[in-house]
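Colleague: Dropping the structure in here first, questions after.
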Amino acid sequence: MRILLGLWRLLVGGLWLAAVGALTLRGAEIDPERLAELQSVCVICGTRGTADAILNIVLFLPLGLVLGGGRRALVLALVAGATVAGGIELLQTLLPGRHPSPADVVFNAMGAALGTRIHALAARRVRTDAASGAGGIGWLWGGAVGACFLVAGVLLTPHPPDDDYWGQWMPDLGWMPQYEGVVVSAELNGRHMPWGRLDHEGPHRELLDGDWRLDGRIVVGPSPDAVSPILSIYDGHQREALLLGAHRDAIVFREWTIGKRLRFDAPDVRIPGAFGPLVPGDTTFIGASRRAATTCLRLGEVEWCGLGITPGRTWGFLLYLEGLDESIRELADLLWLLGLFLPVGFFAIARWDFAGGTALGVGGLLLAPALTSMIPGPWPELAACLVGVALGRVGLWALRAVVYHESGGGQPPGRAQVESVRSIDASV
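Here the numbering used here is used: position 151 in the sequence shown is 186, and no number is missing along the way.
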């Protein structure tokens, strides 16, 4: 069994290393703000630095999982994680647009160490049954997931930056393609919105704080391959207070939120197919508004209201892939929820632990739209949560069956009968 285990670890470790190399050893463009921070000493760098820090931890979790759950594995994970991460940072100095960050090495090593602790918890769960009277952590994980939904809802709260605002018509910003149509006119809250500094006597954030309305009359251009701003508002620090644009045949809306202020990534609100009936050269109206905390988008004579981000789309706070088709994003929503709830089924021991963890997680998913800026998700999102719990349980049974088979039969693996799992932990 140890030979098979060693081969399995080599295979998984090799695949992980190849994936990390493919993700990190590529040239890339870098925004001036992040470059300036990297050239200084910072821990959370760039406009999405918090999201990057979390992703750096998650990226190295597999290394710790492969190394095992013992004390030696913990030390080895810290050393190996820092070594691999340091090597990547050195190689990135040779790539255009990539700059080393000591903070990435720290977060990567933390991720590897955390992976060994997850391995230890999983091994302990495999050899523990309900009859042991031991307490599980299913309820704890479910509670954490439910709390994350509530926090995500708070991160979606609009938070207009406190600075002077500049209106923009089809701006050429460099990092987004310029829209190739024409803006004929634009109004913000019933007043002309010029290209340039907005005219307002009080603080400019008052323009977007509370109810507001943005309207434009445009000549439709070709469908852009990436998000292209048609009407936008930026502040004096080049922060995107509001954007109304197009991406392929979709109308896209973004605004400054608490999440952006805290340096998370930001999923956008979009209506796929909105531009479908129109052809380049058509003249139409485009707009966005907020009334009583309800976000609406308009194109021509059609208006969509009650728009926002569902619990399933919260993966976008870490890495929002705006280039994906909407059907792929919806699939990612379900897989994300399934993955979040899978540990509830795996780590729960007693029935109360299983039921409590599920209830806490689902409760957070249902409460977040009622208490925050999140909107309710479709029923498949709830189904994905329950399927995740069930698959976690099935995964536990399957892992126990494998260990039971390798141990040569006898009594089913339970509280303390999986000696092979003990030996695995001891060996690392």
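Ideal Cβ placement from N, Cα and C applies to all residues, glycine included.
1) When the Cα atoms are used, what is the spatial distance from G178 to G374?
2) Using the Cβ count rule (16 or more neighbours within 10 Å means buried), how would you classify A144?
3) By how many angstroms is the C-alpha of G380 removed from the C-alpha of W210?
4) Secondary structure at G177, three-state DSSP: helix, strand or coil?
5) Please classify G347 as buried or exposed, where buried requires at least 16 neighbouring CB atoms within 10 angstroms.
6) To the nearest angstrom, how far is it from the Cα of A436 to the Cα of A157?
7) When you compare only the Cα positions, how much space is there between V180 and G427?
8) What are the start and end residues of each continuous alpha helix (DSSP H) run of 4 or more residues lying completely inside the segment 75-156, in chain order?
9) I need the DSSP call for D250, collapsed to helix, strand or coil.
10) My output table needs one value for P8: the three-state DSSP class, helix, strand or coil.
11) Quick check on I268: does DSSP put it in helix, strand or coil?
12) Tell me which same chain residues have a C-beta within less than 7 Å of the C-beta of P257, skipping the five on either side of it?
13) Suppose you measure from the CA of Q127 to the CA of G237; what does that come to, to the nearest Å?
14) Classify Q203: buried if its beta carbon has 16 or more other beta carbons within 10 angstroms, exposed otherwise.
15) With three or more C-beta pairs closer than 8 Å as the rule, is the segment 383-391 touching the segment 323-342?
16) Just to confirm, are P409 and G358 a CB contact at a threshold of 8 Å?
17) Could you tell me which residues DSSP pairs with P193 in its beta bridges?
18) Taking only three categories from DSSP, how would you classify V55?
19) Tell me where the alpha helix (DSSP H) around T393 begins and ends.
20) How big is the Cα-Cα spacing for L266 and G121?
21) Less than 7 Å between C-beta atoms, sequence neighbours within five positions excluded: which residues of the same chain meet that for W176?
22) Need the endpoints of the beta strand (DSSP E) that S220 sits in, please.
23) How would you call R160, buried or exposed, if buried means at least 16 neighbouring beta carbons within 10 angstroms?
24) Note down the Cα distance separating L52 from E222, rounded to an integer number of angstroms.
25) To the nearest angstrom, how far is the alpha carbon of V255 from that of L313?
26) Please report the distance separating the alpha-carbon of L42 from that of C80.
27) Quick check: L191 and I123, are their CB atoms within less than 8 Å of each other?
28) What separation, rounded to the nearest whole angstrom, lies between the Cα atoms of A285 and A261?
29) Can you find at least 3 beta carbon pairs, one from the segment 243-251 and one from the segment 294-308, that sit closer than 8 Å?
30) According to the neighbour-count rule (16 or more other Cβ atoms, all chains shown, within 10 Å of its Cβ), is A155 buried or exposed?
31) I'd like the span of the alpha helix (DSSP H) that includes I321, first residue to last.
32) With DSSP run on the structure shown, which of helix, strand or coil describes W230?
33) When burial is assigned at 16 or more other CB atoms within 10 Å of the CB, is H468 buried or exposed?
34) So what does DSSP say about G202, is it helix, strand or coil?
35) Please classify T349: does DSSP put it in a helix, a strand, or coil?
36) Grouping DSSP H, G and I as helix and E and B as strand, with all else coil, what is G427?
Modeller: Answer, in terms of the structure:
1) 15 Å
2) buried
3) 43 Å
4) Three-state DSSP puts G177 in a helix.
5) buried
6) 14 Å
7) V180 and G427 have their C-alpha atoms roughly 15 Å apart.
8) 84-94, 96-102 and 106-127
9) Here D250 sits in strand by DSSP.
10) Residue 8 is absent from the model: the chain starts at 36 and stops at 463.
11) strand
12) Once the five neighbours on either side are set aside, the close Cβ partners of P257 are E215 and P315.
13) 47 Å
14) Classification of Q203: buried, given that the 10 Å Cβ count is 16 or more.
15) no
16) With the sequence shown as reference, residue 409 is identified as Met, and Pro is not the correct amino acid for it. No; because the gap between Cβ atoms is not below 8 Å, this pair is not in contact.
17) P193 pairs with T292.
18) helix
19) R386 to L406
20) 43 Å
21) Sequence-distant Cβ neighbours of W176 in its own chain, meaning closer than 7 Å and more than five residues away, are P378, V379, F382 and G392.
22) Its beta strand (DSSP E) spans residues V217 to L223.
23) Burial is judged here by how many other beta carbons sit within 10 angstroms of a residue's own beta carbon; R160 has at least 16 and is buried.
24) 52 Å
25) Rounded to whole angstroms, V255 to L313 spans 7 Å at the Cα level.
26) 38 Å
27) no
28) 10 Å
29) no
30) Burial call: buried.
31) Not the alpha helix (DSSP H): I321 falls in the beta strand (DSSP E), residues T318 to R326.
32) coil
33) No information on residue 468 is available, as it lies outside the stretch 36 to 463 that the chain covers here.
34) strand
35) Helix at T349.
36) helix
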